[in-house]
Amino acid sequence: MFNSEEYTNRRNLLKKEINSGIALFLGNVEAAFNYPANTYHFRQDSHFLYFFGLNNPGFAGVIDFDNDKDYIFGNDFNIEDVIWMGEQPKVVDLAAKAGVEHTAPYTDLAAYLNQAIADGKHIHFLPPYRGETIIELSALLDLPNAKVKGNASEALIKGVVKLKEIKSEEEIKEIEKAVDIAYEMHTTSMKMAMPGTVEQEIAGTIEGISLALGGPVSFPIILSQDGQTLHNHYHGNTLEVGRMMVTDGGAETQEGYCSDITRTVPVGGKFNDRQAAIYQIVLDANVAAIEAIKPGVKYRDIHFLAARVIVDGLKEVGLMKGDTEAAVDAGAHTLFMPHGLGHMMGMDVHDMEGLGENYVGYDEETKRATEFGNAYLRLGKELKTGFVLTVEPGIYFIPDLINNFRHENMYMDYINYDVVETYKDFGGIRIEDDVVVTNDGYRVLGKPIPKTIEEIEATMAGE
Ligand code: GLY
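Right, dumping it as structure tokens:
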């Protein structure tokens, strides 16, 4: 945990954003895996963790904006809990670590909320994303399950986003720790990407590295020589020379902060000419996008900058043609990069996505696009100092998408389909870094992970 002042300060800042009522943050409960006592690894709710810091299941935090009081509701361990799970500090002592003076058993929460509702106070809560939380909110607030999400507080969502989108120095240090764990994961993945190895051997090894060095992976590892599938969780292929292996993986720290890094390497350790040419285009887009990051620039403009670099590069290798600007305006690049350049990152890999992507990545001045490809950009709005985000351009050859576009005669002025056909066996390439926006530009977080062709070949050669 950070020190208690950090959590008190976060709650006090939230009190400046919301005028009245009560904010209710339900922490997560244990979730059953295949029978009740066999639970998934416990993951605390990121918003509860941000404001109350406690990584314990079954707690709730309350901020009373009218009376300037904070509460933790939770139960002390009983003797059976102690026998099976060991001793645990009392709730009052845990709460003190988060700077909270007022505590009560969890069973008192319903009565407390009933009284608040009877007093005419509005209960603000964030949109729940787990069934258990929906059921609990439904019971506590006397709302039908189906109406719970719709009653989430927009004022609280906006207040939380405003605070959490700006990362403090301490938070950035945590994210850098997570990137440093990702360094170990990715350099190991590179060295293991040899012909005859089954993807699962690598995925399992690097997940173990995450667990050994910090916490669980920050999302299920994406690793495949079929990198044309953007989020490929099938790890059953045996690696073959001539294929590119995508590894998209990151770790969580003890405090719950994430990394999210992607590297793509040639199986066997040497890029052939075709792989090197496409790789260099993605790398150029990654570097150009990172170098364009500074406060005041819209991330959507950087997304389109990366798209233009990709189109320029694809024209050079004969896959595209025509005017670059016009091709990007028309959306022709989306055949090759049908996703956005990146997203906010923090305690959640897609930071605060559960609150609604448009609250996090867009605002009154920057509205989300609706057309194919560009609509998948999760972050479009103007950048501010303290944002942490991913930069993850890619080029993919997705046979079904190529067939669909060609069948519909789409972008005939910009795409050389006969050449594209010869790349249907290529797979995909994505290169992703985690970056903080600084006062005058950007800083790529963590220990630099090999990314140029020379660096990757040297790492894979064990140099
Ligand atoms: N790196 C995985 C994701 O952004 O969804």
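Residue numbers are given in my numbering: position 372 of the sequence shown equals residue 388, and the series is strictly consecutive.
Glycine included, each C-beta is placed from N, C-alpha and C at the ideal position.
Quick caveat, the model's predicted, so the values are computed rather than measured.
*Less than 7 Å between the CB of VAL365 and some heavy atom of ligand 1, yes or no?*
On the sequence shown, position 349 is the one that residue 365 refers to. Yes - ligand 1 has a heavy atom lying nearer than 7 Å to the Cβ of VAL365.
*Give every residue whose Cβ lies closer than 5 Å to any heavy atom of ligand 1, listed in chain order.*
ASP264, ASP276
*Completely contained beta strand (DSSP E) runs for the segment 185-267, where each covers 3 or more residues*: 238-240, 260-265
_Segment limits, alpha helix (DSSP H) that includes VAL436_ = By 1-based counting over the sequence shown, the position of residue 436 is 420. 433-437 is the span of the alpha helix (DSSP H), which, as asked, contains VAL436.
_Along the chain, where does the beta strand (DSSP E) containing LYS85 start, and where does it finish?_
If you number the sequence shown from 1, residue 85 lands on position 69. LYS85 -> beta strand (DSSP E) spans 85-89.
*Decide if GLY136 is buried, meaning its Cβ has at least 16 other Cβ atoms within 10 Å, or exposed.*
Position 120 of the sequence shown, counting from 1, holds the residue named residue 136. It counts as exposed.
*Could you tell me whether the segment 56-68 touches the segment 38-47, where touching means 3 or more Cβ pairs closer than 8 Å?*
yes
*In the structure shown, what three-state DSSP assignment does HIS319 receive?*
Residue numbering aside, residue 319 sits at position 303 when the sequence shown is read from its first letter. HIS319 falls in the helix class under three-state DSSP.
*Kindly provide the ranges of any alpha helix (DSSP H) runs that are 4 or more residues long and lie completely inside the segment 338-387, ordered along the chain.*
340-346, 373-377
*Note down, one range per segment and in chain order, each alpha helix (DSSP H) of at least 4 residues found wholly within the segment 134-163.*
147-157
*With contact counted as at least three CB pairs below 8 Å, one residue from each stretch, are the segment 438-454 and the segment 412-424 in contact?*
yes
_In whole angstroms, give me the CA-to-CA distance for VAL451 and MET361._
The residue given as residue 451 occupies position 435 in the sequence shown. The residue given as residue 361 occupies position 345 in the sequence shown. Roughly 9 Å separates the two Cα atoms.
*Could you pull out every residue in the same chain whose Cβ sits closer than 7 Å to the Cβ of LEU113, ignoring the five residues on either side in sequence?*
Residue numbering aside, residue 113 sits at position 97 when the sequence shown is read from its first letter. A small fix is needed here, since residue 113 is Lys in this sequence, not Leu. Cβ neighbours of LYS113 beyond the five flanking positions: MET17, SER20, GLY69.
*Would you check if the distance between the CB atom of ILE277 and the CB atom of ASP449 is smaller than 8 Å?*
Position 261 of the sequence shown holds residue 277. Position 433 of the sequence shown holds residue 449. A contact, by the Cβ cut-off of 8 Å.
*Do ALA348 and TYR433 come within 8 Å of each other at the CB atom, strictly closer than that value?*
By 1-based counting over the sequence shown, the position of residue 433 is 417. By 1-based counting over the sequence shown, the position of residue 348 is 332. No, the Cβ-Cβ distance between TYR433 and ALA348 is not below 8 Å.
_Given a cut-off of 8 Å on the beta-carbon distance, is the pair PHE64 and LEU30 in contact?_
Mapped onto the sequence shown, residue 64 falls at position 48. Mapped onto the sequence shown, residue 30 falls at position 14. When the beta-carbon positions are compared, PHE64 and LEU30 stay at least 8 Å from each other.
*To the nearest angstrom, how far is it from the Cα of THR406 to the Cα of ILE95?*
By one-based count along the sequence shown, residue 406 stands at place 390. By one-based count along the sequence shown, residue 95 stands at place 79. So the two alpha carbons sit approximately 46 Å from each other.
*asked:* Threshold first: 4 residues or longer. Then list the alpha helix (DSSP H) segments lying entirely within the segment 34-90, N to C.
replied: 62-68
*Can the beta-carbon of ILE465 be found less than 8 Å from the beta-carbon of ARG279?*
Taking the first residue of the sequence shown as position 1, residue 465 is located at position 449. Taking the first residue of the sequence shown as position 1, residue 279 is located at position 263. Cβ atoms of ILE465 and ARG279: closer than 8 Å.
*If you count every other CB in all the chains shown that lies within 10 Å of the CB of TYR481, and 16 or more means buried, which is it?*
In this structure the chain extends from 17 to 479, so residue 481 is not present and cannot be described.
*Out of VAL303, MET260, CYS274, point me to the one whose CA is closest to ARG290's CA.*
Translated into the one-based positions of the sequence shown, residue 290 becomes position 274. Ranking the options by Cα distance to ARG290, first place goes to MET260.
*asked:* I'd like to know whether the C-beta atoms of VAL483 and ASP92 end up nearer to each other than 8 Å.
replied: Nothing about residue 483 can be reported from this structure: the residues present for the chain run from 17 to 479 only.
*What first and last residue would you give for the alpha helix (DSSP H) that runs through ILE414?*
The residue labelled residue 414 in the question sits at position 398 within the sequence shown. Careful: ILE414 lies outside any alpha helix (DSSP H) and carries neither H nor E.
_For SER240, tell me which candidate among GLY272, GLU271, MET206 has the shortest Cα-Cα distance._
What you label residue 240 is simply residue 224 of the sequence shown in a count that begins at 1. For the residues GLY272, GLU271, MET206, the minimum Cα distance to SER240 belongs to MET206.
*Taking the alpha carbon of GLU473 as the point to measure from, which residue in ALA323, HIS355, PRO282, HIS319 has its own alpha carbon closest?*
Walking along the sequence shown from the start, residue 473 turns up at place 457. The shortest C-alpha separation from GLU473 is found at PRO282.
*With distances taken Cα to Cα, identify the nearest neighbour of THR24 among ASN54, ALA39, VAL116, ASP82.*
Stepping through the sequence shown from its first residue, residue 24 is reached at position 8. Taking only the C-alpha atoms, the option nearest THR24 is VAL116.
*When the Cα of LYS193 is compared with those of LEU417, GLY272, GLU424, ILE318, which residue comes out closest?*
Against the sequence shown, residue 193 aligns to sequence position 177. Ranking LEU417, GLY272, GLU424, ILE318 by Cα distance to LYS193 puts GLY272 first.
*Use the C-beta contact count for ASP5: other C-beta atoms within 10 angstroms, 16 or more gives buried, fewer gives exposed.*
This structure cannot speak to residue 5, because the chain is shown only from 17 to 479.
*asked:* Helix, strand or coil, according to DSSP, for LEU8 in the structure here?
replied: For residue 8 there is no data in the structure shown, the boundaries of the chain being 17 and 479.
*Neighbour-count burial assignment, ARG350, 16 or more Cβ in a 10 Å radius*: On the sequence shown, residue 350 is found 334 positions in, with the first residue counted as 1. According to the sequence provided, residue 350 is Thr. The question's Arg does not apply to it. When all chains shown are included, THR350 counts as buried.
_Using the three-state DSSP reduction, which class does VAL303 fall into: helix, strand or coil?_
Residue 303 sits at position 287 when you count from the first residue of the sequence shown. Helix.
*Using a Cβ-Cβ cut-off of 8 Å (strictly less than) and excluding sequence neighbours within five positions of TYR145, which residues of its own chain qualify?*
Translated into the one-based positions of the sequence shown, residue 145 becomes position 129. Closer than 8 Å at Cβ, skipping near neighbours: GLY370.
_Short of 6 Å in beta carbon distance, which residues of its chain neighbour GLY258, apart from the five on each side in sequence? Order them along the chain._
Taking the sequence shown and counting its residues from 1, one reaches residue 258 at position 242. Cβ neighbours of GLY258 beyond the five flanking positions: none.
*Quick one: using the 10 Å Cβ neighbour count with 16 as the cut-off for buried, is VAL214 buried or exposed?*
Numbered from 1 along the sequence shown, position 198 holds the residue referred to as residue 214. So VAL214 ends up on the exposed side.
*Can LEU393 and ARG316 be called in contact, C-beta distance under 8 Å?*
Within the sequence shown, residue 393 is the residue found at index 377, counting from 1. Within the sequence shown, residue 316 is the residue found at index 300, counting from 1. A Cβ-Cβ contact shorter than 8 Å links LEU393 with ARG316.
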